[in-house]
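Engineer:
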Amino acid sequence: MWAAGRRWGRRERALLWGVLVAAWEAAWGQLHYSVPEEMPKGSFVGDVAKDLGLQLPALTDPGVRIISESRTPYFALHGKTGHLVTAERIDREQLCRVLEKCMLRCGVIVEGEMQVYGIEVEITDVNDNSPSFREAETELRISEATAPGWRFPLAEAHDPDSGPNSVQSYELSGDEHFSLAVLTGPGGDQRLELVLAKALDREEEAFHELMLRASDGGEPARTGTARIRVAVLDANDNAPVFSQAEYTVRVPEDVPVGSTLVTVTATDADEGLNGHVKYSFHKISGRASEIFHLNSETGEISLEDDMDFEELSSHELEVQARDGGDHSDTAKVAITVTDVNDNEPQISIQSVQSTISEDAPPGTVVALLQVKDRDSGPNGEVRCSIGDSVPFRLEKSFDNYYRLVTAEELDREHVSEYNLTVQAADGGSPALWSSAVLWLRVLDVNDNTPVFAEARYSARVPENNAAGALVLRVRAWDADWGQNARVRYRLGEGHVRGAPLSSYVSVEAETGALYALRSFDYEEVREVGLWVRAEDGGAPALSSNVSVRLVIVDENDNAPQVLYPPAAPLAAGAGWAGVELAPRSAEPGALVAKVVAVDADAGQNAWLSYELAKATEPGLFRVGLHSGEVRTARFPLARDAARQSLVVVVKDHGRPALSATATLTVVLAESVAELLAELGSAASAAAPGEPAGSLTRWLVLAVAAVSCLFLAFLLLLLALRLRRWRRSQLLAADSGALRGVPASHFVGIDGVRAFLHSYSHEVSLTADSRKSQLRFSGASCCDTLPARPPPDEPAPLLGEDPAAPPQAQPNTDWRFSQTQRPGTSGSQNGEEGGAWPNNQFDTEMLQAMILASANEAADANSTLGGGTGTMGLSARYGPQFTLQHVPDYRQNVYIPGSTATLTNAAGKRDAKSAASSGGNKKKSGKKEKK
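In structure tokens:
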């Protein structure tokens, strides 16, 4: 019992050691299995899934597969069970011809884990081969003089099996004269010798038939036989003797075929036929017999086929020398094959990823490679390398396996694909190398924003463009690929003059074309600024913006607009609009009127020029080209018509040029009677449709009423101004044209006498300058024009001291500076420019009074106030009229017979009105402007 327990303990310990060794090998990724040869296809070898700890579902993945070092795959992996099974019939003698231990190596690759596991399968021998002799029949020639005990070497039997299944024993049968001796050498090899047990007698028996049987150790045992025929000869005293008992030679494996490797020599002391030696292979393997050739006469061993160190690194031959008799001798020949670097390294790609994302982290496995070299020693040491200019590196994984991993981050926009060349070089001299090319495509990641071709865009768009017209194209590129590089365009939010920007322009999402959705008007919109966004198709999308500036280009689409003289409305008496007064004594260059025009366009399209297109009396007037001022070109003659009609054409400088016309009526008159007569005749001509008698009646009534008022005003003025007799005398001396009227009723301005003190008037102006009203109060007589009293204060009575109430200052709301005049014409320095008199307010009142008188004469129902016959003057001097309504028309107010023009001299007038010395001092327009 104690012995049995000890025996079971030893078995358990052996089992434990086996389990530990298997666990250790599995931990290092190497599995060992053993399987006998000649197993049918599909036979179980080992449980790989269990030994490696792999999950069965993972084994069905195409990424798990078996790789083999041999060309023929002998093993396969059963996907359902995880068992390693045989894929082909395995013949150990064919695979491992001279190897004692036959090992087949394979591996399991798990591509998902980029891991490889090595497997070694030992192929155990099966007694499937019988011993065989190289020659089925052997003939020996033995002299009858040979003494008993003489030994004759025999060829051994060969069995491809190994171990116990190889040749184990020999038996000799057939004759009592011979026996068999089996000798075991130091290396375990056996030598057979035929021993002469009993002397031969040729005369008794010339031939002896022997049967040599070889048996292996299999169960059941297999045997092989060879026949030995012994011929008894006459006596031969000397046997051949080799010069060396063993010949040793080292030859490289690349020795050319036909080369002599070694020469064996043997000598025989006999003469004649008994001394002639012939050589033959006594013991040689099947493969060696194909490689080596022995010259029977010379003993030269030459090469008949290429040697391969990787197949067999050494050969042992036994050569026999036999003389002409029965004597022979044997010698051993050991040929050692040295390795030559004749095998290139082989690179096999076991697993590879053809695509990789550009954001893959460094260290990502791309491919699994296996490198091997059949050479030995330094010739079989392989070094793998990859180019330095690629972002990859090689890492050794297991045994002769390498992993190709990323060394740094990839950038598809820099390099979109790689042709990686892996080189393997051995340590031979010269070194041999091979290479393998891996193609790898880098997958795009949306890491680049769209980039516009220009930093900013601008375009010039002519106004009045067609709706839907193409303005410009913006273009952006994205360095990414595919959907990530697909750029779409959007319009940024914004407003133009309070309207959404999208109602003005639109952008095509695919092409970036910018279209105008409406027609632009330069006079409304001068410039449009917007943003266009380019967005790629990535997830998340990346975008960038660009500024677009649209400059609206002006076109000459606005004709000049005449501000003065105003256009005559279609009403009764409208023909008096734009009437100007010029004395017949006016000198050449005297300012008569000024045409004021503006153009809504800009630049050259708004440059205006004036020219006289038509005149009643050609040559009498001229128009300033740039100022629009109408001046006399010569002295008026008596034959010149009193009523002159001028047509002035205003043109801009656009292409084509646009124009407008202004019609001025200039009345040449020296006295009120002439003026009224002319106005009356003009009024008659203005209403041709009325009956002649009615028109005459109304004209007579108007003239009579004006005359009565005029006489009453003179009488009252004379009564109140007796104390100023001296001044009246001075004025009477210079009375000029209106003789018979007291001199106190006139005022002298630069030598020109004008009627002033006849009427006090009130001026009121509505927003419509064409419907202005001028009212006269006929009960006032004073030497100055008093201010209009407030509604709650009574007007001053006749006879009161005019100095008692303070004089109201003129309203300055209508005054404009020279720089505030609109249009190009307003800013021109007229070539006829002069200086207005200092007493500007009196001059303006004079003009208003005269024109009001003319209006009353023209209108039969006139109360010296309402109507449209005020020739636009009441509109110019109304207290409500400001800069927001019309330009400064004071340029068109003139003094008959004078070359002066009105300037903004309100401040100076107010300061010098009390201390004026005759009112004859002049100042130029240029000085006033300064």
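Here this note's numbering runs 1 ahead of the position in the sequence shown, where the first position is 1.
All C-beta atoms, glycine included, are put in the ideal place defined by N, C-alpha and C.
1) Which of helix, strand or coil does DSSP assign to F399?
2) Looking at L141 and V122, is the spacing between their C-beta atoms short of 7 Å?
3) Assess, as a yes-or-no matter, whether the region 389-401 is touched by the region 311-327 under the definition of 3 or more beta carbon pairs within less than 8 Å.
4) So, for S610: in the same chain, excluding its five sequence neighbours on each side, which residues have a beta-carbon less than 6 Å away from its beta-carbon?
5) Express the C-alpha separation of F243 and V93 in angstroms, rounding to a whole number.
6) CA-CA distance, T268 and A335?
7) If you drop the 5 nearest sequence neighbours on each side, which residues of the same chain put their C-beta closer than 6 Å to that of G495?
8) Quick one: complete beta strand (DSSP E) runs, 3+ long, within the region 46-118?
9) How far does the beta strand (DSSP E) with G530 in it reach, from first residue to last?
10) If you measure between the beta carbons of V423 and A437, is that distance less than 7 Å?
11) For E794, which three-state DSSP category applies?
12) Give the C-beta separation of V1 and F521 to the nearest angstrom, bearing in mind that I take them to be a contact with Cβ-Cβ under 8 Å.
13) Taking only the alpha-carbon atoms, compute the straight-line gap between V258 and L274 and give it to the nearest angstrom.
14) If the criterion is Cβ atoms closer than 7 Å, does the pair D143 and V231 meet it?
15) What residues in its chain sit with their C-beta under 7 Å from that of A24, if we drop five residues either side in the sequence?
16) Whole-angstrom Cβ separation of G381 and D427, contact assumed at under 8 Å?
17) E410: which of A425, I292, V391 sits nearest, CA to CA?
18) How is N485 classed by DSSP in three states: helix, strand or coil?
19) What runs of the alpha helix (DSSP H), each 4 residues or longer, lie entirely inside the region 611-665?
20) Between W478 and G429, what straight-line distance do the alpha-carbon atoms span, to the nearest angstrom?
21) Using the beta-carbon count (16 or more within 10 Å), is C385 buried or exposed?
22) What does the Cβ neighbour count give for G629, buried or exposed, with the cut at 16 atoms within 10 Å?
23) Given that a residue counts as buried once 16 or more other Cβ atoms are within 10 Å of its Cβ, and exposed if not, what is L100?
24) Is it true that the CB of T666 sits closer than 7 Å to the CB of A642?
25) What would DSSP say about R698, mapped onto helix, strand or coil?
26) Output the residue ranges of the alpha helix (DSSP H) runs that lie fully inside the region 355-413 and measure 4 residues or longer, sorted by chain position.
27) According to DSSP, I285 sits in a beta bridge with which residue or residues?
28) Looking only at its own chain, which residues have a Cβ that is under 7 Å from the Cβ of D360, when we skip the five neighbours before and after it?
29) Am I right that I357 and L421 are in contact with their C-beta atoms under 8 Å? What's the rounded C-beta distance?
30) Using DSSP's beta-bridge definition, name the partner residues of D522.
31) Residues bridged to A598 by DSSP?
32) Secondary structure at P501, three-state DSSP: helix, strand or coil?
33) Suppose contacts are defined by Cβ-Cβ distances below 7 Å. Is T139 in contact with I229 by that definition?
34) Note down the Cα distance separating A703 from V668, rounded to an integer number of angstroms.
35) What does DSSP give as the partner residue(s) for T299 in the beta ladder?
36) Classify D126 as buried or exposed, calling it buried when 16 or more other Cβ atoms lie within 10 Å of its own Cβ.
Structural biologist: According to the structure data:
1) On the sequence shown, residue 399 is found 398 positions in, with the first residue counted as 1. Of the three classes helix, strand and coil, the one that applies to F399 here is coil, per DSSP.
2) Counting from one through the sequence shown, the residue named residue 122 turns up at place 121. Counting from one through the sequence shown, the residue named residue 141 turns up at place 140. For the 7 Å CB-CB criterion, V122 and L141 do not form a contact.
3) Cβ pair count under 8 Å is below three, so no.
4) Position 609 of the sequence shown, counting from 1, holds the residue named residue 610. The answer, listed in chain order, is L626, K652.
5) Reading the sequence shown from its first residue, position 92 is the one you call residue 93. Reading the sequence shown from its first residue, position 242 is the one you call residue 243. First, the amino acid is wrong: residue 93 is Arg here, not Val. When only Cα atoms are considered, R93 and F243 end up about 38 Å apart.
6) The count along the sequence shown starts at 1 and reaches residue 268 at position 267. The count along the sequence shown starts at 1 and reaches residue 335 at position 334. The straight-line gap from Cα to Cα measures roughly 21 Å.
7) Taking the sequence shown and counting its residues from 1, one reaches residue 495 at position 494. By the criterion of a C-beta distance shorter than 6 Å, G495 is surrounded in its chain by L502, L531, once the five residues flanking it on both sides are discounted.
8) Within the region 46-118, the complete beta strand (DSSP E) runs of at least 3 residues fall at 65-69, 76-78, 84-87, 104-111.
9) For the purposes of this step, residue 530 is taken as the residue at position 529 of the sequence shown. Where G530 is concerned, the enclosing beta strand (DSSP E) starts and stops at 528-536.
10) As a first step, residue 423 is located in the sequence shown; it is residue number 422 there, counting from the start. As a first step, residue 437 is located in the sequence shown; it is residue number 436 there, counting from the start. Yes; because the gap between Cβ atoms is below 7 Å, this pair is in contact.
11) Here residue 794 refers to the residue found at position 793 when the sequence shown is read from its first residue. Confidence at E794 is low in this model, with a pLDDT of 38, below 50, so its placement is unreliable and the value that follows should be read with caution. The DSSP-derived three-state label of E794 is coil.
12) Any question about residue 1 goes unanswered here, given that the chain covers just 2 to 931.
13) Working through the sequence shown from its first residue, we reach residue 258 at position 257. Working through the sequence shown from its first residue, we reach residue 274 at position 273. Going by the C-alpha atoms only, they are around 34 Å apart.
14) For the purposes of this step, residue 143 is identified with residue 142 of the sequence shown, where counting begins at 1. For the purposes of this step, residue 231 is identified with residue 230 of the sequence shown, where counting begins at 1. The amino acid at residue 143 is misidentified as Asp; the sequence shows Ile. In this structure, I143 lies near V231, with their beta-carbon atoms less than 7 Å apart.
15) Against the sequence shown, residue 24 aligns to sequence position 23. Low confidence applies to A24: its pLDDT is 44, below 50, so where it sits in the model is not reliable enough to give any reading.
16) As a first step, residue 381 is located in the sequence shown; it is residue number 380 there, counting from the start. As a first step, residue 427 is located in the sequence shown; it is residue number 426 there, counting from the start. Contact flag correct, Cβ pair sits at about 6 Å.
17) Numbered from its first residue, the sequence shown carries residue 410 at position 409. Minimum Cα distance to E410 is reached at V391.
18) Your numbering for residue 485 matches position 484 in the sequence shown. Reduced to three states, the DSSP call for N485 is helix.
19) Within the region 611-665, no run of alpha helix (DSSP H) at least 4 residues long lies entirely inside it.
20) Along the sequence shown, read from residue 1 onward, the residue named residue 478 stands at position 477. Along the sequence shown, read from residue 1 onward, the residue named residue 429 stands at position 428. So the alpha carbons of these two residues sit roughly 53 Å apart.
21) Stepping through the sequence shown from its first residue, residue 385 is reached at position 384. So C385 ends up on the buried side.
22) Against the sequence shown, residue 629 aligns to sequence position 628. Classification for G629: buried.
23) Taking the first residue of the sequence shown as position 1, residue 100 is located at position 99. L100 sits exposed, since fewer than 16 C-beta atoms from the chains shown fall within 10 Å of its C-beta.
24) The residue given as residue 642 occupies position 641 in the sequence shown. The residue given as residue 666 occupies position 665 in the sequence shown. T666 sits away from A642, with the two beta carbons spaced by 7 Å or more.
25) Numbered from its first residue, the sequence shown carries residue 698 at position 697. Residue state, collapsed to three classes: helix.
26) As far as the region 355-413 is concerned, it has no whole alpha helix (DSSP H) run of at least 4 residues.
27) On the sequence shown, position 284 is the one that residue 285 refers to. DSSP output for I285 lists no bridge partner at all.
28) In the sequence shown, the residue the question calls residue 360 occupies position 359. Cβ within range, chain order: V446.
29) Along the sequence shown, one-based indexing puts residue 357 at 356. Along the sequence shown, one-based indexing puts residue 421 at 420. Contact between I357 and L421 is ruled out by a C-beta separation of about 11 Å, above the 8 Å threshold.
30) By one-based count along the sequence shown, residue 522 stands at place 521. According to DSSP, D522 bridges with nothing at all.
31) Within the sequence shown, numbered from 1, the residue matching residue 598 stands at position 597. The partner list for A598 (beta bridge, DSSP) reads V563.
32) The residue labelled residue 501 in the question sits at position 500 within the sequence shown. Look at P501 here: in three-state DSSP terms it is strand.
33) Along the sequence shown, one-based indexing puts residue 139 at 138. Along the sequence shown, one-based indexing puts residue 229 at 228. If you check the CB distance, T139 and I229 come in under 7 Å.
34) The residue given as residue 703 occupies position 702 in the sequence shown. The residue given as residue 668 occupies position 667 in the sequence shown. So the alpha carbons of these two residues sit roughly 20 Å apart.
35) By one-based count along the sequence shown, residue 299 stands at place 298. Per DSSP, none; premise fails for T299.
36) Taking the sequence shown and counting its residues from 1, one reaches residue 126 at position 125. Around the Cβ of D126, a 10 Å sphere holds 16 or more other Cβ atoms; the residue is buried.
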